[in-house]
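K.L.:
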Amino acid sequence: MPSQETLRQHKTLALFGERLLTPDCWFCNRHSAAVAVAAGLFAAWLPLPMHTLVAIALALIFKGYLPLAIAMVWVNNPLTLAPMFYLAYRVGARLLGSPEIDFAGSLEEEALALALPLFTGCLLLGLGSALLGWLLTRLGWRWKIQLSWLLRKQNREP
């Protein structure tokens with residue numbers, strides 16, 4: 011982990027100020043882990059540069075574990091970028107009832123025709139994956155605790 015002084019001096023992270031250094035954002039518990047997974051997965055679906063900054067902002071707002079939020083953004087990487095955004099476009103186009111694009115016009119027309127279905131699909135899949143990630147993290151954490159309690163109980167019995 012980078013030191014607090016390194017984080018303070020980082021130009022891009024300066025926009026978060028001292029809030030970036032609050033201890034709540036660097037402590038992992040059931041709530042902060044679930045929030046971090048949700049923030050990272052939501053940010054990963056956004057067709058914008060600087061996904062990590064979005065994940066950091068969401069983790070700071072909702073008190074998520076920052077390292078995990080940053081790591082979850084990497085679900086969207088050079089190998090998964092095209093399939094994720096193609097899926098988002100298809101979902102958005104189907105939801106909006108948009109016709110298939112011919113790609114015979116100018117680049118500006120094609121970009122405008124792609125934009126609304128792509129953003130719609132990205133928001134829908136981002137919200138869905140964030141909710142699913144949050145829920146699975148909470149359930150997984152609870153299952154791990156219950157399993158620990160069960161094993162502890164079994165070890166105490168003669």
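Numbering-wise (my numbering), the sequence shown opens with residue 11 and increments by one. Heads up, the beta-carbon is just placed ideally off N, CA and C, and yes, glycines get one too.
1. For Cys132, count neighbouring Cβ atoms within 10 angstroms of its own Cβ and tell me buried if that reaches 16, exposed if not.
2. Note down, in chain order, each residue of its chain lying with its Cβ closer than 7 angstroms to the Cβ of Ala98, except the 5 sequence neighbours on either side.
3. Check whether the region 32-45 and the region 60-76 touch, using three or more Cβ-Cβ pairs below 8 angstroms as the test.
4. Which residues in the same chain as Ala43 place their Cβ atom closer than 7 angstroms to its Cβ, once the five residues preceding and following it in sequence are excluded?
5. Only counting the same chain, and skipping five residues up and downstream in sequence, which positions put a Cβ closer than 7 angstroms to that of Ala107?
6. Measuring alpha carbon to alpha carbon, tell me which of Lys73, Glu167, Glu15 and Leu23 ends up nearest Val47.
7. Straight-line CA distance for Phe95 to Pro57?
8. For Ala125, which of Ile80, Gly102, Trp84 and Trp159 has the nearest alpha-carbon?
9. Are the beta-carbon atoms of Val83 and Ala123 separated by less than 8 angstroms?
10. From the DSSP output, in three-state form, read off Lys73 for me.
P.N.:
Well, looking at it:
1. buried
2. Within the same chain, and ignoring the five residues on either side of Ala98 in sequence, the residues whose Cβ sits closer than 7 angstroms to its Cβ are Trp55, Leu128, Gly131, Cys132 and Leu135.
3. yes
4. Tyr75, Leu78, Thr147 and Trp151
5. According to the sequence as given, residue 107 is Gly; it is not Ala. Nothing listed; no residue qualifies.
6. Lys73
7. 8 angstroms
8. Gly102
9. no
10. coil
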